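Down below is the structure, laid out as structure tokens.
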Amino acid sequence: MQTPHSHPPADPNAQGVGARVLRKEDARHLHGKGNFVADMSLPELCEVAFLRSPLAHARIVSARRPATGSERVVLREDMADALDIVADSTLPTYQSSAQPPLAAGKVRFVGEPVAMVFARTRAEAEDLAEQVELEYDELPVYADAETSRAATGERIHAQWRDNTFVTLHADKDFEAHAAQASLVVRREVSLARQCMVPMEGKAVLAYWDHQADQLVVVSATQVPHMIRTVLAQCLGLDQGRVRVISPDVGGAFGYKCVLQQEELCVAWLAKTHRKPFRYIEDRREHLIAGANTREHSYQMTAYADARGRLLALDARITIDGGAYSVWPFTIGLEPGQAVGNLPGPYAFRGYRCVTECVATNKPGFVPYRGVARTGVCFAMELTLDAIARAVGREPWEVRLENLVPASAMPYVNVANKHFDSGDYPASLVKARDMIGVEAVRRRQGETRADGRLVGVGFATYTEQSAHGTSVFASWGTPVIPGFDSAAVRMTPDGGLEIRVGVHSHGQGMETTFAQIAHEILGVDIGLIKLVHGDTGQTPFSTGTYASRSLVMSGGAVARACKALAPRILHIGAHLLGATPDAAVLAGGRIVVGDRSVPVAEVAQAWYLRPDRLPADVDAAGLEVTTGFKPKVDTGAFTYATHAVTVAVDPETGHVDILDYVIVEDCGTMINPMVVEGQTYGGVAQGIGTALYEETPYDRNGQPLASTLADYMLPGATEVPAMRIHHFETPSPHTEFGAKGMGEGGAIAPPAAIFNAVNDALRPLGAEVSRTPLTPRRLLEAIEAAQVVDNRKAA
Amino acid sequence: MKAASFDYQRPATLKDALRALVDGGGAAKVMGGGQSLGPMLNLRLTRPKQVVDVSALAELRQVAAEGDQLRIGAAVTHAEIEDGVHPLLRDGLLQSVAGGIAYRAIRNRGTLGGSLAHADPAADWVLTMAALGAQIEIASATGMRRVPMERFMQGAYTTDLADGELLAAVLVPRLGPAARWGYFKFCRKTGEFAEASCAAVFDPSRKLARIVLGALDGAPQALPALAAQVARDAAMPSRDTLRSAVAAALPAKDAVDRKLMVAAVERCLHQIFVPELST
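As you go down the protein sequences, you meet chains A and B in turn.
Positions 1 to 794 (my numbering) are the ones given, in order, by the first sequence.
Positions 1 to 279 (my numbering) are the ones given, in order, by the second sequence.
Rendered as structure tokens:
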């Protein structure tokens with residue numbers, strides 16, 4: 001299927017920056033030859049199962065091991081040499097939580113691991129787990145943020161002053177600007193708790209390597225170097241005695257960018273028994289213990305003028321943080337991102353915001369693709385549309401009134417975000433034209449035979465990518481990203497081995513980093529190999545998260561290749577009997593006048609025929625390791641406008657997406673096809689958030705969607721073909737002017753889809769404001785509007 | 001999610017299968033395509049000591065005409081019906097319904113008999129067989145018996161099957177040339193369980209007029225008064241008529257559930273009376 005996009009391939013043989021190169025990693029995945037944790041086999045490998053809490057909040061009274069197999073049952077008290085997972089933060093009001101590898105003393109969410117068992121097969125391990133008898137004394141359950149905030153009984157963490165993790169504030173010139181408004185618009189919106197549902201769940205295999213005298217942990221993780229560091233700390237091992245390898249990973253999306261209890265538990269088993277152990281999370285475990293994200297609610301009060309220009313915003317945000325703060329990003333990341341990103345790409349100058357992150361008896365919150373930006377985009381964009389309706393203007397017109405213009409770049413917004421480059425209004429105008437607002441307005445004037453209502457909606461957002469040291473330091477997290485390093489080494493036949501500390505699990509880095517190296521050194525990308533994921537083989541990076549890898553590690557790759565180029569020229573010029581200043585590197589060859597040698601000959605000289613080298617050859621040879629970070633580390637801001645047309649069936653509550661348009665700008669694109677793939681995948685997840693995905697909880701903290709029969713995921717029939725247009729406004733601070741964009745696709749869809757639905761429902765006077773937009777919620781909104789209508793008529 | 005240990009048998013004949021059920025006492029479970037039983041085993045919701053796989057039994061895979069009925073073996077898969085493998089099952093209500101069951105991967109293995117024996121209220125065959133007034137043929141070591149569909153399914157996941165019995169075949173009426181039918185189900189997404197559904201069959205030659213609601217809490221529910229009125233008028237009833245009929249049939253359901261069901265009935269009947277509105 002050819003999906004329409006701008007930037008069609010120019011030269012089909014191009015391999016450098018900007019080329020639509022087919023991904024190198026696809027071949028093994030399409031042929032089922034990927035190397036995933038579940039595929040691995042080792043002699044004496046034992047499988048691990050966890051016994052998980054059936055209660056949301058309870059004291060553990062007793063635990064009785066079965067008579068047979070008790071040596072294969074592990075409780076917290078057996079793991080005295082393992083520390084709890086603690087993520088401290090310097091944010092004011094922050095209260096720290098300690099998450100034990102297995103529950104100790106009490107359980108704090110349904111699904112919390114209480115015991116682990118191992119056996120030759122997973123089925124036998126589950127048999128054994130069933131025989132462990134646990135007795136609990138129930139405690140009051142805090143199943144939602146409101147109940148928890150008002151708690152008078154035992155706190156979720158007994159020593160806390162209350163059940164709130166942290167409260168953050170913003171207050172910038174609010175009163176002065178609000179006072180000038182002639183219009184006040186209020187809205188309450190919320191997003192449901194959901195899971196991330198990567199195709200592969202958590203997966204970890206640990207063993208003791210006796211030759212290296214090292215604990216080896218093979219884990220499906222986004223952040224191998226950070227996991228290596230924290231596992232060594234938690235297990236009391238020198239860092240050099242721990243190696244973490246992330247192999248092929250079947251999707252992560254943030255779920256795997258934190259230290260997992262199960263990683264610590266399985267690593268402890270291998271360290272203790274000096275044998276291999278493996279744990280594979282199954283779907284039911286994920287849907288129960290992984291219901292950990294997106295749950296925000298917003299009270300927005302917007303102060304605007306009669307043209308819909310926003311002057312000031314007052315917001316109250318509540319985040320349902322679950323029971324534990326994650327390592328290393330802490331629960332502080334979510335409220336921090338919320339209060340910092342709510343103003344979005346808009347130029348208003350008055351801002352007041354209180355963001356409360358409350359602990360509850362649910363799985364601890366983990367940052368999911370987009371992090372808080374999905375929620376804040378939802379709140380901001382729905383509020384803007386409400387303003388547009390109030391002043392009687394088109395929503396796109398009101399956005400144009402408010403977006404930061406290109407002429408203002410670089411721009412520091414009211415939340416102190418440093419927008420680097422871009423033309424936000426142009427993305428909106430282009431999206432408006434592509435979606436065809438005029439045509440939708442005409443269709444809305446006609447009655448459809450099937451009775452459905454058509455609507456169009458927009459959402460514009462910025463995506464802060466590759467933000468670095470100064471930003472994370474202000475959040476006071478245990479690990480702060482700094483320089484990313486890349487090691488580039490030429491092989492004896494003129495190929496390249498590139499080693500990076502990030503991990504590629506869908507981002508296409510095996511291809512894009514090769515394209516970067518090709519752009520600088522001209523080596524064919526078929527001869528360029530990326531090594532990633534193994535702490536034993538790669539230089540340090542905090543890892544893959546926050547849309548940072550291309551800018552940070554890709555930037556380091558560029559710098560290393562640039563450092564390698566003069567050494568190659570030096571040797572190549574000598575082979576041609578010329579001085580280096582007479583030589584250029586072009587098309588993978590060293591060229592002097594009308595003579596040239598291939599790079600392969602330079603490599604051969606260095607490795608195999610050093611008798612051919614110049615006397616003053618650089619002894620560092622054909623290998624460079626270097627670090628990189630952009631000189632301005634407040635982030636490279638990608639942005640986009642999404643526009644959607646929907647058809648709403650007012651009799652069934654069903655929503656059909658008729659057309660989906662994306663106009664995005666992530667600076668210079670290394671590979672437009674990879675950008676598009678990332679965008680489509682993000683949009684699919686955004687559609688899930690908007691229309692389908694939810695883990696509801698009852699008053700006792702019991703999750704109500706524990707299998708895929710109840711937890712709805714968008715499938716191929718629910719995700720439309722999308723139309724995408726690219727702008728390329730380079731970043732002034734990065735290599736090639738590239739920006740990160742992996743999360744953006746998942747930021748805008750709930751906002752754009754809900755705005756389209758509200759546009760469609762306008763004749764009925766109904767509005768929707770809570771994800772997911774199930775048929776029931778839509779029909780209830782229509783019912784509620786009819787009740788109001790009937791009252792008015794009466 | 002790994003099943004608790006069980007013995008698995010795949011008998012070659014119906015007689016062997018029935019003997020295996022008797023030998024197993026109440027601890028043996030029949031498996032058709034395994035599309036419902038499989039997940040239940042993995043979730044450990046059921047722990048039979050034996051699983052008796054009847055999917056390969058030739059006796060259960062036959063389709064034949066018997067007078068004015070069709071006899072369909074219990075182990076016939078949804079995919080076979082969808083693909084028109086059996087000429088007698090082509091181009092009618094059954095083929096149309098079969099292609100809409102769950103996902104193709106499930107249809108490849110799932111069986112007609114298995115679906116009816118499982119008796120999920122949202123299942124397509126459960127509703128269709130109720131609308132057709134099918135007969136369920138049940139085999140045991142002591143012989144065969146027949147039960148009409150409305151007595152066979154007693155409630156959610158509850159049927160008339162006793163220990164040692166298995167569902168052997170389904171008998172459906174052969175509809176006359178003037179017969180009209182409609183089938184509509186509302187799913188939140190393609191392939192998922194229905195949230196509201198309706199099947200309607202009108203065959204004047206057999207004096208058959210049925211409108212049946214599915215995806216309820218228990219067995220499907222007929223709307224006999226509405227069916228009689230529609231058969232008599234031979235016309236599309238008004239939405240108000242449908243609202244009253246649904247409200248009377250489902251007094252315990254809230255306004256949203258009833259609205260969905262009204263839409264299901266309306267769209268089902270559109271297929272018969274206002275086909276230009278059906279996609």
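Think of the CB as a built atom: it goes at the ideal place given N, C-alpha and C, for glycine as much as any other residue.
Keep in mind the model is a prediction, meaning the values are calculated, not measured.
{"Query": "Where does the unbroken alpha helix (DSSP H) through Pro224 (chain B) begin, and where does it stop?", "Result": "Pro224 to Asp233"}
{"Query": "Please list the partners that Ala4 (chain B) has in chain A, where partner means a Cβ-to-Cβ separation under 9 Å.", "Result": "Ala123, Glu126, Asp127 and Glu130"}
{"Query": "On the three-pair Cβ rule with 8 Å, is the stretch 5-23 of chain B touching the stretch 131-142 of chain B?", "Result": "yes"}
{"Query": "Based on DSSP bridge pairs, tell me the residues matched to Ala63 (chain A).", "Result": "A:Leu134"}
{"Query": "Please list, in chain order, the chain B residues whose beta carbon lies closer than 8 Å to that of Thr717 (chain A).", "Result": "Lys189, Thr190 and Gly191"}
{"Query": "Using 8 Å for Cβ pairs, my map puts Gln222 (chain A) next to Thr544 (chain A). What's the rounded Cβ distance?", "Result": "5 Å"}
{"Query": "Compare the C-beta of Arg284 (chain A) against all C-beta atoms of chain B and say whether one is closer than 7 Å.", "Result": "yes"}
{"Query": "Say whether chain B places a C-beta atom closer than 7 Å to the C-beta of Arg448 (chain A).", "Result": "no"}
{"Query": "Would Met712 (chain A) count as contacting chain B if we go by Cβ distances under 7 Å?", "Result": "yes"}
{"Query": "Put Gln2 (chain A) into one of helix, strand or coil per three-state DSSP.", "Result": "Bear in mind that a pLDDT of 46 at Gln2 (chain A), under 50, signals an unreliable position, so the model cannot answer this."}
{"Query": "Please confirm if the stretch 678-688 of chain A is in contact with the stretch 348-356 of chain A, defined as three or more CB-CB distances below 8 Å between the two stretches.", "Result": "no"}
{"Query": "Which of the three DSSP states, helix, strand or coil, is assigned to Gly621 (chain A)?", "Result": "coil"}
{"Query": "What's the gap between the Cα of Thr13 (chain B) and the Cα of Pro87 (chain B)?", "Result": "25 Å"}
{"Query": "Residues of chain A with CB closer than 9 Å to the CB of Leu37 (chain B), please, in chain order.", "Result": "Chain A residues near Leu37 (chain B): none, gap ~14 Å exceeds 9 Å."}
{"Query": "Would you say the beta carbon of Val274 (chain B) comes nearer than 6 Å to a heavy atom of the ligand ADP?", "Result": "With respect to the ligand ADP, the structure shown offers nothing to examine, as it has no ligands at all."}
{"Query": "For Thr330 (chain A) and Ser297 (chain A), which I take to be in contact (beta-carbon distance under 8 Å), what is that distance rounded to the nearest angstrom?", "Result": "Thr330 (chain A) to Ser297 (chain A), Cβ: 21 Å. No contact."}
{"Query": "Can you tell me whether Cys268 (chain B) is buried or exposed? The criterion is at least 16 other CB atoms within 10 Å of its CB, across all chains shown.", "Result": "buried"}
{"Query": "Taking C-beta pairs closer than 8 Å, name the residues in chain B that Glu135 (chain A) reaches, listed in chain order.", "Result": "Going along chain B, no residue has its Cβ under 8 Å from Glu135 (chain A), so there is no contact; the nearest lies around 21 Å."}
{"Query": "Can you find the residues in the same chain that come closer than 7 Å, C-beta to C-beta, to Leu779 (chain A), ignoring five residues on each side of it along the sequence?", "Result": "Gly653"}
{"Query": "Under 7 Å, do Arg294 (chain A) and Leu168 (chain A) count as touching if we go by C-beta distance?", "Result": "no"}
{"Query": "Once DSSP output is grouped into helix, strand and coil, what is the label at Phe50 (chain A)?", "Result": "strand"}
{"Query": "Can you tell which of A:Ile782, A:Arg52 and A:Ala129 has its C-alpha closest to the C-alpha of Lys106 (chain A)?", "Result": "A:Arg52"}
{"Query": "The alpha helix (DSSP H) with Arg525 (chain A) in it runs from where to where?", "Result": "One detail in the question is off: residue 525 (chain A) reads as Ile in this sequence, not Arg. Per DSSP, Ile525 (chain A) belongs to no alpha helix (DSSP H) and is neither H nor E."}
{"Query": "At least one CB of chain A closer than 7 Å to the CB of Met261 (chain B): is that the case?", "Result": "no"}
{"Query": "Out of curiosity, what's the CA-to-CA distance linking Ile387 (chain A) and Ala643 (chain A)?", "Result": "18 Å"}
{"Query": "Which whole runs of the beta strand (DSSP E) in the stretch 570-622 of chain A are 3 residues long or more, in chain order?", "Result": "584-586, 589-592 and 595-598"}
{"Query": "Residues of chain B with CB under 9 Å from Leu287 (chain A), in chain order?", "Result": "Those do not exist, as Leu287 (chain A) stays about 11 Å from chain B at its closest Cβ, beyond 9 Å."}
{"Query": "Looking only at DSSP bridge pairs, what is Pro113 (chain A) linked to?", "Result": "A:Arg52"}
{"Query": "At 9 Å on the CB atoms, spell out the chain A contacts of Met149 (chain B), in chain order.", "Result": "Near Met149 (chain B) there are no residues of chain A at all, since even the closest Cβ is about 24 Å away, more than 9 Å."}
{"Query": "Check whether the Cβ atoms of Gly744 (chain A) and Glu381 (chain A) lie closer than 7 Å to each other.", "Result": "no"}
{"Query": "Look up Leu779 (chain A) in the DSSP assignment and say whether it is helix, strand or coil.", "Result": "helix"}
{"Query": "Please check if any C-beta of chain E sits within less than 7 Å of the C-beta of Phe186 (chain B).", "Result": "Of the chains in the structure shown, none is chain E; the protein chains are A and B."}
{"Query": "Do you know offhand how far Ala263 (chain B)'s Cα is from Ala104 (chain A)'s?", "Result": "52 Å"}
{"Query": "What ranges does the alpha helix (DSSP H) occupy inside the stretch 129-176 of chain B, keeping only unbroken runs of at least 4 residues that lie completely in it?", "Result": "149-152"}
{"Query": "Near Asp656 (chain A), what residues of its chain come up, given a Cβ to Cβ distance below 7 Å and the 5 sequence neighbours on each side ignored?", "Result": "Val646 and Ala647"}
{"Query": "Distance, Cα to Cα, Ala565 (chain A) vs Ile520 (chain A)?", "Result": "8 Å"}
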